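Take the sequence shown: its letters are residues -7 to 516, numbered as in the numbering used here. Cβ atoms here follow ideal geometry from the backbone N, Cα and C, with glycine treated the same way. Model, not experiment: these values are computed from the prediction. A short worksheet on the structure shown next.
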Amino acid sequence: MKACCKGLCHKIVIVAAAAFLLAGCGGGGPVGVADAGPAGEWDPDAVLEVGFAGGAKTLDPYLQDTLGGTAFLTVLYDRLITVDSEGNLVPGLAEAWSFATDGTYLDLSLRKDVTFNDGAPFDAAAVAANIERGKTLAGSVAAPVFRNISAVSAVDDHTARLHLVPGTGVELPGAFTTNLGMMISPKVIAEGVDVRNGAAGAGSGAYVVSEFVPSESLTVTRSSRTYWDPEGGKLAGLEITTIPEASTRMNGVQTGALDLTWVSSASESVQAQENAARGAFNVDKVPFRSVLGINVRARGDMADPELRQALAYAIDPDEINALFSGNCAPFRQMYPAASWANDPSLDYPYSFDPEKAARLVAKGGGAHLTLTFGAGSNTEKPANVIQSQLSEAGFDVELNAVPVTQVEPRYMAGDFDASVSNAFVPKADPAETVTHFVLGSYGHSNGNPQIEELAVRAANPTLSQEERAPMYSQIWDLTLKEAMFVPICNQTNVTVFTNKVVGANEIPWVDLGTFDLRHVGMRK
-7 MKACCKGLCH KIVIVAAAAF LLAGCGGGGP VGVADAGPAG EWDPDAVLEV GFAGGAKTLD
53 PYLQDTLGGT AFLTVLYDRL ITVDSEGNLV PGLAEAWSFA TDGTYLDLSL RKDVTFNDGA
113 PFDAAAVAAN IERGKTLAGS VAAPVFRNIS AVSAVDDHTA RLHLVPGTGV ELPGAFTTNL
173 GMMISPKVIA EGVDVRNGAA GAGSGAYVVS EFVPSESLTV TRSSRTYWDP EGGKLAGLEI
233 TTIPEASTRM NGVQTGALDL TWVSSASESV QAQENAARGA FNVDKVPFRS VLGINVRARG
293 DMADPELRQA LAYAIDPDEI NALFSGNCAP FRQMYPAASW ANDPSLDYPY SFDPEKAARL
353 VAKGGGAHLT LTFGAGSNTE KPANVIQSQL SEAGFDVELN AVPVTQVEPR YMAGDFDASV
413 SNAFVPKADP AETVTHFVLG SYGHSNGNPQ IEELAVRAAN PTLSQEERAP MYSQIWDLTL
473 KEAMFVPICN QTNVTVFTNK VVGANEIPWV DLGTFDLRHV GMRK
C-alpha cells in the first residue's frame, strides 16, 4: 500500500500477525438499525474505518466506470433519486418524479432546502448544467443514457423538465440512483474545475474530501454546512482504504483496525460466519443481485446454437453452490424474484442434463472453448468446476486466467470467446439492463430481431410496469434460449462489522457488492 489514512497502514500491518491469537475474541451478536437507540447515543466525533476490496480511480461521478468506485462518491455527491436496502427507488434531491402522459418529458420536483458545499444553490438550473456536462464531458459514462434527453428546461426554480427523445427515457429514474444522478455544484461546472481528485465544496453531501489517493484511499470529514438529510452526516468522518485481501480485511475488523468491511469468497464467507458465532464480530448476509454465469460469443464452435445449448445443459448449479459451501444459491433467471420485471412462471430452457449435453456435443463433432476468468477472484474456483463439467460432456476447454480488472472491459471489447463472470447485474429498470447486457456490448441477444423489437416497445415511458412486464418476460425467455448467457447462481455478500457500527444491516447497494454509507453511524 503506497499511501494510508491517519495511521491505518500501521493498523493493517499488525492485523495478519494478530489474527491467529484473536480468533476467539470479540463482542456481541448481530446489530440492526433498530439497535441505534436515541440520537444521544450517536458519537458525533467517531471516524468510521472501512476496508474495501476495490478502489476509486476518480472522484468525478461522470468518469467513474465501476460500481465499487461509485460507492466512494455517495458520501460526497447526493443523487437525484436513491434506493433503500431493498433496491426500491426513494426520493433524494428529487422529492418526486413523473413522466408526461404522452412520454415526451420527465419532470423532477426538487428539494428546496439544499445548497452545495461551496454555497451554490441546488435548483433546476443546476440539474440542467449537470446533464449537459454528462452529455459533453470527454469519456463521460453518462453520455449513452443522457442522449435520450434532448433538452432540460425549468418549469420553475425547483422543477426540472427533461425533454425526451420519443419512445425513450423510461430508465432515467433508475439510472439517477447511480453516479449518473450525482449532482455537482454549477459553480464548479461553470469554472471548469477538475474534480477527479476531489474539489472543495463540489458536492452537496454530508462530507467533503480531506485526502484522496486514486485506487488506494479516501478520507472525508463532515461538512460545516447543515445537511438536508437528518439521517446523514452522523460521523465526524470516514476513512475508506483499498485492501484487496479478504482475510486481511476481516482480521482488521477483528483486531479493531477496521470497523466495517465485506467478504464474498466461499472460504471467507464461511469463516466470517464461524467467527461471528464465536463473538469475534457481527455479520449480515445478503445474496448478490448480480448473477454468476457464463458469457458466450457466437463464434468458433460456439456459433453453433446446439453447442451453446450443450454448454448450458452441462452446467450443474448445485455443484457450484456446494463449492461455495451453500453461499451461491442456484438462480437460472435474469431478474430477482422481488422485482416487477421477474416472471416466476418462466422456466429456464436448459436445466442440468449431462446426457443431453453429451449428445449435442457428439452431434456437432466435438467443441473447443477458451474460458476466461479473473485470476484470484471469486470466479476462479467456479471456472475450474465448469471446466470439469464441460469436459465430462465432451468439450475441450482451455482456461484463460487474466487480471480481474481486465475481464469485463476486454470481454466487452470482444477479446474473449467466453468468460465466467458475476458482472451481470440487473439494473433498477430492466430497460437499462437490456440496453447494457442484452443489446449492448455483451451481446446476449445474439442479434435476435424479435428481442430488439420488444426492447423498443417495452422502453416506452407511457406504459405502466404492468404493461411492460410481459414484454420483458418475453425478452428474458428469448435471451436465455439464445444461450449467450448461462445464469448459474447468486453468490453471498457478507457485511462484517463491530458492535459500534449502527446501520450496517441496512446499507444500500450491498447486494451489488458495493456500499452506500450515507446513513451509517457509530455508538459512543
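Inter-residue CB distance, residue i and residue j (contact presumed, cutoff 8 angstroms)
{"i": "Thr253", "j": "Val245", "result": "6 angstroms"}
{"i": "Asp421", "j": "Gly166", "result": "4 angstroms"}
{"i": "Asn109", "j": "Val200", "result": "6 angstroms"}
{"i": "Gly505", "j": "Ser331", "result": "No, Gly505 and Ser331 are not in contact; Cβ-Cβ is about 18 angstroms, not under 8 angstroms."}
{"i": "Asn274", "j": "Phe489", "result": "5 angstroms"}
{"i": "Ala302", "j": "Val353", "result": "5 angstroms"}
{"i": "Ala496", "j": "Ala238", "result": "Between Ala238 and Ala496 the Cβ distance is about 17 angstroms, and since that is not below 8 angstroms, they are no contact."}
{"i": "Pro346", "j": "Glu384", "result": "6 angstroms"}
{"i": "Pro36", "j": "Ala228", "result": "6 angstroms"}
{"i": "Val486", "j": "Ala264", "result": "5 angstroms"}
Proximity below 8 angstroms, CB of residue i to CB of residue j
{"i": "Thr364", "j": "Ser411", "result": "yes"}
{"i": "Val75", "j": "Pro500", "result": "yes"}
{"i": "Gly61", "j": "Arg71", "result": "no"}
{"i": "Ala88", "j": "Ala116", "result": "no"}
{"i": "Thr454", "j": "Thr213", "result": "no"}
{"i": "Ala475", "j": "Tyr464", "result": "no"}
{"i": "Lys49", "j": "Ser209", "result": "no"}
{"i": "Pro279", "j": "Thr484", "result": "yes"}
{"i": "Ala423", "j": "Glu163", "result": "yes"}
{"i": "Met514", "j": "Asp409", "result": "no"}
{"i": "Leu230", "j": "Val39", "result": "yes"}
{"i": "Gln379", "j": "Ala306", "result": "no"}
{"i": "Asn414", "j": "Leu299", "result": "no"}
{"i": "Leu156", "j": "Val144", "result": "no"}
{"i": "Val106", "j": "Arg281", "result": "no"}
{"i": "Ile312", "j": "Val377", "result": "yes"}
{"i": "Ile181", "j": "Gly195", "result": "no"}
{"i": "His511", "j": "Gly224", "result": "yes"}
{"i": "Lys492", "j": "Asp251", "result": "yes"}
{"i": "Glu444", "j": "Leu431", "result": "yes"}
{"i": "Glu260", "j": "Met242", "result": "yes"}
{"i": "Leu100", "j": "Gly161", "result": "no"}
{"i": "Ser77", "j": "Glu498", "result": "yes"}
Test: residue i CB closer than 8 angstroms to a CB of chain D
{"i": "Val275", "result": "Looking at the structure shown, chain D is missing, and only one protein chain is on hand."}
Residue(s) in a DSSP beta bridge with residue i
{"i": "Leu55", "result": "The partner list for Leu55 (beta bridge, DSSP) is empty, contrary to what the question assumes."}
{"i": "Glu231", "result": "Glu41 and Thr211"}
{"i": "Asn287", "result": "Ser411 and Phe477"}
{"i": "Trp468", "result": "Looking at the DSSP assignment, Trp468 forms no beta bridge with any residue, so it has no partner."}
{"i": "Ser522", "result": "Outside the displayed span of the chain (-7 to 516) sits residue 522, for which this structure offers no information."}
{"i": "Arg71", "result": "Met174"}
{"i": "Phe365", "result": "Ala393"}
{"i": "Thr253", "result": "Val488"}
{"i": "Arg515", "result": "Trp34"}
{"i": "Ala374", "result": "Here residue 374 turns out to be Pro, not Ala, going by the sequence shown. Per DSSP, none; premise fails for Pro374."}
{"i": "Phe416", "result": "Val283"}
{"i": "Tyr97", "result": "His155"}
{"i": "Val200", "result": "Thr213"}
{"i": "Leu303", "result": "Its beta-bridge partners do not exist; DSSP assigns none."}
Simplified DSSP assignment, three categories, for residue i
{"i": "Arg270", "result": "coil"}
{"i": "Thr62", "result": "helix"}
{"i": "Gln483", "result": "strand"}
{"i": "Ala(-5)", "result": "At Ala(-5), the pLDDT of 39 sits below 50, so the modelled position is not reliable; the number obtained from the coordinates is stated separately. Of the three classes helix, strand and coil, the one that applies to Ala(-5) here is coil, per DSSP."}
{"i": "His436", "result": "coil"}
{"i": "Ser331", "result": "coil"}
{"i": "Ala321", "result": "strand"}
{"i": "Leu431", "result": "coil"}
{"i": "Phe168", "result": "coil"}
{"i": "Leu85", "result": "coil"}
{"i": "Ala359", "result": "strand"}
{"i": "Ser77", "result": "coil"}
{"i": "Pro297", "result": "helix"}
{"i": "Phe108", "result": "coil"}
{"i": "Glu237", "result": "coil"}
{"i": "Lys277", "result": "strand"}
{"i": "Asp503", "result": "helix"}
{"i": "Pro113", "result": "strand"}
{"i": "Val119", "result": "helix"}
{"i": "Val493", "result": "strand"}
Worksheet item: Just checking, does the segment 315 to 331 make contact with the segment 476 to 496 on the three C-beta pairs under 8 angstroms criterion?
Response: yes
Worksheet item: Is it a yes or a no for the segment 385 to 397 touching the segment 122 to 142, going by three-plus beta-carbon pairs under 8 angstroms?
Response: no
Discussion item. Check whether the segment 50 to 58 and the segment 163 to 181 touch, using three or more Cβ-Cβ pairs below 8 angstroms as the test.
Written reply: yes
Worksheet item: Are the segment 63 to 70 and the segment 188 to 204 touching by the rule of at least three beta carbon pairs closer than 8 angstroms?
Response: yes
Worksheet item: Are at least three pairs of beta-carbons, each pair with one atom in the segment 465 to 474 and one in the segment 310 to 321, less than 8 angstroms apart?
Response: no
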